[in-house]
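Protein chains: 2
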Amino acid sequence: MPPAESAARKPSTPRERARARTIEDIIRLGREHLAVHGAAALSLRAVARDLGVVSSAVYRYVENREELLTLLLVDAYNELGDAVDAAVGALPEQDFTGRFRALGTAVRRWALSEPARYGLLFGSPVPGYQAPAERTTGPGTRVIHALMAILDAAYRAGRVAAGGDPNAVVPPLAADLERIRTELGASVPDGLLARGALVWTSLFGAVSFEVFGQYGADTFAAPDELFAHHLAVLAGVAGLDPANYQPSNG
Amino acid sequence: MPPAESAARKPSTPRERARARTIEDIIRLGREHLAVHGAAALSLRAVARDLGVVSSAVYRYVENREELLTLLLVDAYNELGDAVDAAVGALPEQDFTGRFRALGTAVRRWALSEPARYGLLFGSPVPGYQAPAERTTGPGTRVIHALMAILDAAYRAGRVAAGGDPNAVVPPLAADLERIRTELGASVPDGLLARGALVWTSLFGAVSFEVFGQYGADTFAAPDELFAHHLAVLAGVAGLDPANYQPSNG
DNA sequence: CTACGTCAAGAGCACTGCTCACATTTGTTG
DNA sequence: CAACAAATGTGAGCAGTGCTCTTGACGTAG
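Sequence lines, in order, name chains A and B. Residue numbers for the first sequence follow my numbering, so the first one is 4 and each next one is one higher. Residue numbers for the second sequence follow my numbering, so the first one is 4 and each next one is one higher.
Here it is as structure tokens:
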């Protein structure tokens, strides 16, 4: 049983340091192969070749192919989450619409720059691979948490058009939403919470269509403008003021 | 010398009939393997085994693995398109909201019943496989055509809230939309057309999240109700009357 | 110095896509 | 009917994959 399963312990022996370095190299090489060849074509043997080692040696560091996929999954989720947090955090806290736009733009930008890794996160599941929830739910929920934080802050600030949802939330759905609300620590009402979930899936639907080429080869010559328009409409769906940020005086 | 060299003729010779039958068997077996093991794990050798023939024999009927994937892609697109057309056609032409809801429900129902084939259509692209546009764009655009037909009919009938789009459509996007409008033979204005595209991607975004398990294992205990709520909101995004269908007298 | 644990190497198994030479079946034609 | 040619099936083979196992080399702890 290897000790120090806890994160970020100072590697005492030089052996452990070399081992940690090798694992990081494997992740780096795997990330490159993933970006080039796609998720389902990720090959441990190819990684071993690039590492300059025989194929079976990588099994000393990574249990199997699934393990490497999980490492890359967490790695990609965190990179996306970092990009989103940085983009959102660059705007003032009260600029809810701007922060929402920044979140969506950051997701799209990262997805377009890393299509294969995006596909690993949000595409069809890799056959035979089931992501271990205990290791991926944390990094995997960073974007929706950031989105809900924006919407909740806007709601608390009274900057959300709360009244206009005529769509009733039936009891079983309300029960789900109540559970999610407490988990998020949010205070938005049911209608807005459900709309937030819709905006979330819609954002990734639009990004996925673009990244996966579902639009067709030459359907949209102006994808940036299309996405900006979609973001504006989605902001309205979430009840955000489509107009620009007005710093609250006082 | 009998000419009889035209396409899609009744297969005259029994040999051609047997050949067509074998190809259909291959597609059927491939569909089953696809549904069970996923797209990237589709194996020609396994299909050959199930067909009761040696592995190399299937290459007499199917050029390679890509060819079989293309056949299965078209097959799935058409099955989805048939399901959507049937669901939409079951409602009166003037029930625009009902038809929209039927379209969305049909897409979701088919996706949930055929998750692997849905993943082939709308998930991450299979590594190294590029769908031939000349064979897949036709079947692949049936859903968006059906959706736009509903929206266009509603617009022509004056049953769409056209005025309320404050989001400007910038010129490069307007050029794209103009091209798409003529290709569809539609007459909806730019704002509604762009919103239709957003509704389209949002629909598949919501379905993909559910099919691909992006929501998390036990986040929503009432996914039907969540989707129904999403559809209602999306109908509003498309400018459709959220209220029920009122048959026009006459 | 010895013993233990870690590591790399290589062979091997079962699987994949695909190609080729060869054998067999089948339909047509002289 | 016999002969021919096209279509079809066969099996070997190549290169690649994930993964396991045994063997030997090495560094470090006691």
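For each residue, glycine too, the CB sits at the ideal point set by N, CA and C.
Taking 9 Å as the Cβ-Cβ cut-off, the region 94-110 of chain B has no residue approaching chain A.
Counting C-beta pairs closer than 8 Å gives fewer than three between the region 132-145 of chain A and the region 162-182 of chain A, which falls short of the contact rule.
Contacts between A/R198 and chain B, judged by CB atoms closer than 8 Å, involve V236 in chain order. Taken in chain order, the region 113-177 of chain B contains no complete beta strand (DSSP E) segment of 3 residues or longer. For B/L237, the uninterrupted alpha helix (DSSP H) run begins and ends at 226-240, by DSSP.
Across the region 53-74 of chain A, no CB contact with chain B closer than 8 Å is found for any residue. For the pair A/E117 and A/A38, the Cα-to-Cα distance works out to about 7 Å. Check the Cα spacing between B/L237 and each of B/G101, B/S59, B/D53: the tightest is with B/G101.
Taking a beta-carbon distance threshold of 8 Å, B/E35 does not count as an interface residue toward chain A.
At least 8 Å separates the CB of B/P17 from every CB of chain A.
When the five nearest sequence neighbours on each side are left out, the beta carbons in the same chain lying within less than 7 Å of the beta carbon of B/F99 are those of I153, A156, A157, R162, L243, in order along the chain.
Taken atom to atom, the span from the alpha-carbon of A/L196 to that of A/N81 is near 24 Å. In the pairwise beta carbon analysis, the region 50-68 of chain B is classified as not touching the region 102-114 of chain B: fewer than three pairs are separated by under 8 Å.
Rounded to whole angstroms, the separation of the alpha carbons of A/R22 and B/G33 is 43 Å. Listed by position along chain A, the residues whose Cβ is nearer than 9 Å to that of B/A209 are A200, L201, T204, S205, G208. Comparing alpha-carbon positions, the option among A/A109, A/A43, A/G55 lying closest to A/T25 turns out to be A/G55. The CB of B/H233 comes closer than 7 Å to the CB of L201 in chain A, given here in chain order.
Interface criterion met: the Cβ of A/P130 is under 8 Å from a Cβ in chain B. Annotated as proximal: A/T139 and A/L76, with beta-carbon spacing under 8 Å.
In the assembly as shown, A/P142 is a buried residue. Its beta-carbon has 16 or more other beta-carbons within 10 Å. The beta carbon of B/A209 is closer than 6 Å to those of H233 in its chain, skipping five residues each way along the sequence. For A/V173, the C-beta contacts it makes with chain B under 7 Å involve E228, in order along the chain. By the criterion of a C-beta distance shorter than 7 Å, A/A49 is surrounded in its chain by H36, once the five residues flanking it on both sides are discounted. Between B/S116 and chain A, the shortest Cβ-Cβ separation is not below 8 Å.
For A/E66, there is no enclosing alpha helix (DSSP H), since its DSSP letter is neither H nor E. The C-beta of B/P128 has 16 or more other C-beta atoms within 10 Å across all chains shown, which makes the residue buried. Identification of chain B residues near A/G141 by a Cβ-Cβ cut-off of 7 Å yields none; the smallest Cβ-Cβ distance measures about 11 Å. For A/D179, a Cβ of chain B is located within less than 8 Å of the residue's own Cβ. For A/G84, the nearest beta carbon of chain B is not closer than 8 Å to its own beta carbon. About 4 Å separates the beta carbons of A/P130 and B/A44, which is inside the 8 Å limit, making them a contact pair. For B/R112, the closest alpha carbon among the candidates B/S58, B/E96, B/G84, B/G199 is that of B/G84.
Boundaries of the alpha helix (DSSP H) harbouring B/E19: 17-40, taken from the DSSP string.
B/V173 is the residue among B/V173, B/E27, B/W203, B/D227 whose C-alpha sits nearest the C-alpha of A/E228. Nearest C-alpha to A/G216 among A/P169, A/I183, A/A114, A/T16: A/A114. Neighbours of A/G188 in chain B, taken as residues at a C-beta separation under 7 Å, are lacking, since the least C-beta distance is about 16 Å.
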